[in-house]
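Q: Each residue of the sequence shown is one higher than the one before, counting from 1 in full-length UniProt numbering. Yeah, the Cβ is synthetic: ideal placement off N, Cα and C, and Gly gets one too. First the structure, then my questions, so here it is.
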Amino acid sequence: MSGAEGNDVYRIDSRLDRVFDTDISSAGGIDRIESLVSFNLGSRAELAGIEKLFLRGRDNLGGSGNKLDNSITGNSGDNKLIGNSGNDSLSGGSGDDRLYGQSGNDSLTGGRGNDDLRGGSGSDIFRGGTGADAFVFASVAESLAGAENRDLIQDFTTSDVIDLRGIDANGLATGNQTFTFIGSSAFTGAGQLRFEADSVGNTMVQADVNGDLTADFEVVLQGYAPGLGKGDFFL
């Protein structure tokens, strides 16, 4: 299958199918692949100009992006979607999905099911959808303090969890330390996790990992004001 300028659609039914987009500069329209098998837009040079990937059917499939700003949509199975570089939009659909934004300012939507959402670097936006979802952070650098850096969770509920087990809570101590949850109290040392509500119904999650009593890590929970407890986190 081959395409050039214009908005091209390629339908993949088998791993043996090949796509050749002859305008790999990404200036030849918005191209998409609809696939019944797992597909990686970054696997070959001839795919470098394709922006969108839709997974079809009910099988548990994987989908990965390339260097462009990709839109990757899952099917009704349990999908693993990876944005790679670019400002990507990942949508899991139904099923228990795993979404990885990686680099760039990404938008991750779990949809139905119990989903794991991992933004990676950049300022990312999460929507877990229905189900018991996990918002996973592997380092402080994935959601630094400050309005231009921190991630946003748009639909956090009491059935969801924020997973911080991949972060060393105290850079002053040897080994990988877990956070101490202190509620809405002020920081008194390294390794502490707290929250505060703002005047418009949002909640800010903050962590201090170096003991300077200011936040190094921040995440905003949009429209969530009930307060948080230790059970809302994996520490």
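For the region 59-73 against the region 36-48, are there 3 or more C-beta pairs whose distance is under 8 Å?
A: yes
Q: Quick one: what does DSSP say Leu213 is sitting in, helix, strand or coil?
A: Your numbering for residue 213 matches position 213 in the sequence shown. Residue state, collapsed to three classes: coil.
Q: Quick check on Lys67: does DSSP put it in helix, strand or coil?
A: The residue given as residue 67 occupies position 67 in the sequence shown. Reduced to three states, the DSSP call for Lys67 is coil.
Q: How big is the Cα-Cα spacing for Gln206 and Lys52?
A: By 1-based counting over the sequence shown, the position of residue 206 is 206. By 1-based counting over the sequence shown, the position of residue 52 is 52. Answer to the nearest angstrom: the Cα atoms are 35 Å apart.
Q: What does the alpha-carbon distance come out to for the pair Tyr10 and Ile33?
A: Here residue 10 refers to the residue found at position 10 when the sequence shown is read from its first residue. Here residue 33 refers to the residue found at position 33 when the sequence shown is read from its first residue. Answer to the nearest angstrom: the Cα atoms are 5 Å apart.
Q: For the pair the region 158-167 and the region 200-214, tell me if three or more CB-CB distances fall below 8 Å.
A: yes
Q: Looking at the unbroken beta strand (DSSP E) that takes in Tyr100, where does it start and where does it end?
A: Residue numbering aside, residue 100 sits at position 100 when the sequence shown is read from its first letter. First-last of the beta strand (DSSP E) with Tyr100: Arg98 to Tyr100.
Q: Would you call the region 120-130 in contact with the region 173-180, where contact means no fewer than 3 C-beta pairs closer than 8 Å?
A: With the cut-off at 8 Å, the region 120-130 and the region 173-180 do not touch.
Q: Tell me, to the nearest whole angstrom, how far the beta carbon of Gly92 is from that of Gly111; I am working on the premise that it is less than 8 Å.
A: Locating residue 92 in the sequence shown gives position 92, counting from the first residue. Locating residue 111 in the sequence shown gives position 111, counting from the first residue. Contact flag correct, Cβ pair sits at about 5 Å.
Q: Return helix, strand or coil for Leu108, following the three-state DSSP convention.
A: As a first step, residue 108 is located in the sequence shown; it is residue number 108 there, counting from the start. Of the three classes helix, strand and coil, the one that applies to Leu108 here is strand, per DSSP.
Q: For Gly62, which beta-bridge partners are listed by DSSP?
A: Within the sequence shown, residue 62 is the residue found at index 62, counting from 1. Per DSSP, Lys80.
Q: Just to confirm before moving on: does the CB-CB distance between Gly104 and Ser85 stay below 8 Å?
A: As a working note, residue 104 is residue 104 in the sequence shown. As a working note, residue 85 is residue 85 in the sequence shown. Their beta carbons are under 8 Å apart, which means Gly104 touches Ser85 by this criterion.
Q: Apart from the five residues just before and just after Leu213, which ones in its own chain have a Cβ nearer than 6 Å to its Cβ?
A: On the sequence shown, position 213 is the one that residue 213 refers to. Closer than 6 Å at the Cβ level, and outside the excluded window around Leu213, lie Phe187.
Q: Tell me whether Glu34 sits in a helix, a strand or coil according to DSSP, three-state version.
A: As a working note, residue 34 is residue 34 in the sequence shown. In this structure, Glu34 counts as strand in the three-state DSSP scheme.
Q: Taking only three categories from DSSP, how would you classify Ala141?
A: Numbered from its first residue, the sequence shown carries residue 141 at position 141. Three-state DSSP puts Ala141 in a helix.
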